[in-house]
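Beneath this line is the structure, given in structure tokens, with notes to follow.
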Amino acid sequence: SQHREYTPGDDLRHIDWKAYAKSDRYYVKQFEDETNLRVYLLMDSSGSMGYGGEGRPDKFTYAARLSASLAWMMLHQGDAVGLINYGSRLDDLITPSPQPHHFWRIVDALKTAEVEGETDLVGALSYLAEIVTRRSLVVICSDCFHFDDRISAIARQLHQRRHQVLMLHILDPDEAEFPFGELTVFEDMETGIDVVADPQGMRRAYLEEFSRWQNELRASCLSGSVKYQRVNTASPLEETVYDCLKEIRR
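Put into structure tokens, the structure is as follows:
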């Protein structure tokens, strides 16, 4: 990774003889140790992640704080951490590094990410499958509104190559509980399409459909050897971090 001047006691095998020939001074090559694990944080920055109920952070903000917390802990145990922000395209691609100051690159990318447009998790995972080589942990933070079986198939391929994939399903309580009472205009935050609906008349059907969708999503993840954890943005962050670490080590 770099050179430093030779000092008595250094391993002679690491002396750079080419540098000596040029400068007539002894320099020792320094190497970065390989870490135990490489961690890729995949952050869904699509428009739907911008939703947050009253008094709560939006889903992207909560997921960003969660990702930053995991990055901090993993960097301090010597793992290399990288970040991929994805929406309809890949925005921030930060290569994993074990250096402690690397944490601030990840934080800056999370703070400046634009939360808009549709999502393409298939594209993000396909790209990752092409570049990842060493044993890695892939942590996906997403509301999974565009989840399909291709994602499970790619994740299964990663698992077969000894990589571990964890899906953190980020949801606001409004999405799971549907607490609306009066005639409401619902806006698709990715396409901008509006729908006027009577929440009281559709609440039961919505909750049944939501439960079915989540169960299918979880089953699809498990079938692809993806660990699944639902994350409630109303939960204290430290509890969520603790639950994530338990799931990773399980």
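Its first residue numbered 50, the sequence shown is counted upward by one per residue in the working numbering.
By construction, the Cβ of each residue, glycine as well, lies at the ideal position given by its N, Cα and C atoms.
With a cutoff of 8 Å on beta-carbon distance, C190 and M92 are scored as near each other.
Short of 8 Å from the beta carbon of L220, and not among the five residues preceding or following it, lie these beta carbons of its own chain, in chain order: K108, D192, R279, V280, N281 and T282.
Between S260 and F194, the gap from beta carbon to beta carbon reaches 8 Å or more. Our two residues, G99 and Q249, have alpha carbons roughly 25 Å apart in a direct line. In this structure L207 is in contact with A178, their Cβ atoms being roughly 6 Å apart against a cut-off of 8 Å.
Per DSSP, S118 lies in no beta strand (DSSP E) segment; the continuous alpha helix (DSSP H) that holds it begins and ends at K108 to L124. According to DSSP, residue pairing for I64 in a beta bridge involves V77. Between S94 and Y135, the C-beta gap is smaller than 8 Å, which places the two residues in contact.
In the structure shown, N85 adopts coil according to DSSP, grouped into three states.
Annotated three-state conformation of G131 is strand, per DSSP. Residue pairing for L207: DSSP places it in no beta bridge. With contact defined as three or more Cβ pairs closer than 8 Å, the region 102-120 and the region 233-244 are not in contact.
DSSP places P248 in no beta strand (DSSP E) but in the uninterrupted alpha helix (DSSP H) bounded by P248 to S272.
Beta-bridge partners assigned by DSSP to E231: none are found.
Under the three-state reduction of DSSP output, D141 falls in the strand class.
H218 is bridged by DSSP to S191 and R279.
Apart from the 5 residues on each side of it in sequence, L142 sits with its Cβ closer than 7 Å to the Cβ of I133 in its chain, given in chain order.
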